[in-house]
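S.K.: So the sequence shown is residues -26 to -1, 1 to 219, counted in mature numbering (1 follows the signal peptide of the UniProt record, and there is no 0). Beta carbons: idealized from backbone N, C-alpha and C, even for Gly. None of the values given here were measured: they were computed from a predicted structure.
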Amino acid sequence: MFQLRGLLFQCCLALGMLVLCHQSWADQRVEKEPTTTCKPTTTTTCKPGATTADPGKGGGKDLCEDFQNLRATIDRATLVTIIQTHYECDSKFRRAMSYYNTTRFHEVAQMLQQSTAYRSLLQELQDDGVDTSDLENIVDIIACIILPVAKADNDCDCRAVRGHSFMSDILLAMPKQKVHDYLSLARSEKSNFALLANTLTSPEFQERLRANMVKRDMVRPLRILRRNGWDIPELLRGVLTILSW
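#1: Using the beta-carbon count (16 or more within 10 Å), is Asp143 buried or exposed?
#2: Is the number of C-beta pairs between the segment 178 to 198 and the segment 109 to 122 that are closer than 8 Å three or more?
#3: Which value, in whole angstroms, describes the spacing of the CA atoms of Leu109 and Cys38?
#4: Hey, how far is the Cα of Trp219 from the Cα of Arg190?
#5: How should Thr90 be labelled, buried or exposed, when 16 other C-beta atoms within 10 angstroms of its C-beta is the threshold for buried?
#6: I'd like the span of the alpha helix (DSSP H) that includes His138, first residue to last.
#7: Is there contact between the segment 60 to 68 and the segment 163 to 176, where contact requires at least three CB pairs shorter than 8 Å?
#8: I'd like to know if Ser142 contacts chain C, where contact means its C-beta is closer than 7 Å to some C-beta of that chain.
#9: Among residues of its own chain, excluding the 5 on either side of residue 225, which ones have a beta-carbon nearer than 8 Å to its beta-carbon?
#10: Express the C-alpha separation of Cys130 and Glu178 in angstroms, rounding to a whole number.
#11: Here's a check: name, in chain order, each residue in its chain whose Cβ is nearer than 6 Å to the Cβ of Leu99, leaving out the five neighbours to either side.
#12: In three-state terms, what does DSSP make of Gly103?
#13: Check Glu110 in the structure and name its three-state DSSP category.
#14: Leaving aside the five residues before and after Gln87 along the sequence, list all residues of the same chain whose C-beta is less than 6 Å from its C-beta, in chain order.
#15: With DSSP run on the structure shown, which of helix, strand or coil describes Glu62?
#16: Quick one: give me the first and last residue of the alpha helix (DSSP H) that Ala171 is part of.
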């Protein structure tokens, strides 16, 4: 089994989970700690072309559709509130979103996907029967999951997210049983998503993941991402938690 098996794709999927919603406003610093709760604004819009598939279906070869279906298990109003509150109150999340909108972010993503490790990863996944069409471009993976969200029309209760990471709030908001049912159905149908999930959650992968996070060709891009608000190890743990439900 390829030594870096699953690592780079886990990074991509984790990046995608972090940008479940995309803030459509410019970065702003909060000058005071508000006391009211964020309410979703009516200007929130779905990503053009987003799937309307039933989240209860196991899915076929389209991994993008599976990612969107997992996103759809979260109550929409809850998801929007989480995003808006973290953007207004969480400087790390705000920094990550601002960096996402830069050319440099795309350059770092390009560094990852052009690496020998990533190309070899895709080949290894293909050898295991996974259709990797939706995994060829890291930015496309993220774009698949993004849901544009407008700025909240009132102040947010920053106390609601104090001490919370964005990923921890997403994990709390995701209905564990629905995700479990989706994964179970995908596995019963031996879908492309099931093949991918089985590979990423295998004990062999977990062992290699721990050993390879410090590999030389990974350290620089991961360090750049972390410096700009993208804590990949934390996000990887969140993604693996979801896939293990």
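M.R.: For this structure:
#1: Answer is buried; the Cβ neighbour count reaches 16.
#2: Output reads no: the segment 109 to 122 does not touch the segment 178 to 198.
#3: About 9 Å.
#4: Within the model, the alpha-carbon separation for Trp219 versus Arg190 is close to 32 Å.
#5: Exposed: under 16 other Cβ atoms inside 10 Å.
#6: Per DSSP, His138 lies in no alpha helix (DSSP H) and is assigned neither H nor E.
#7: Not touching, per the Cβ criterion.
#8: As a matter of chain content, chain C is missing from the structure shown, which is built from one protein chain.
#9: Look at the range of the chain in this structure, -26 to 219, and you will see that residue 225 is not part of it.
#10: The straight-line gap separating the alpha-carbon atoms of Glu178 and Cys130 is approximately 43 Å.
#11: Non-local C-beta neighbours of Leu99 in its own chain, meaning closer than 6 Å and more than five positions away in sequence, comprise Thr106, ordered along the chain.
#12: In the three-state scheme derived from DSSP, where H, G and I count as helix and E and B as strand, Gly103 is classed as coil.
#13: In this structure, DSSP gives Glu110 a state outside helix and strand, which the three-state scheme calls coil.
#14: The answer, listed in chain order, is Ile112.
#15: Three-state DSSP puts Glu62 in a helix.
#16: Start and end: 166 to 174.
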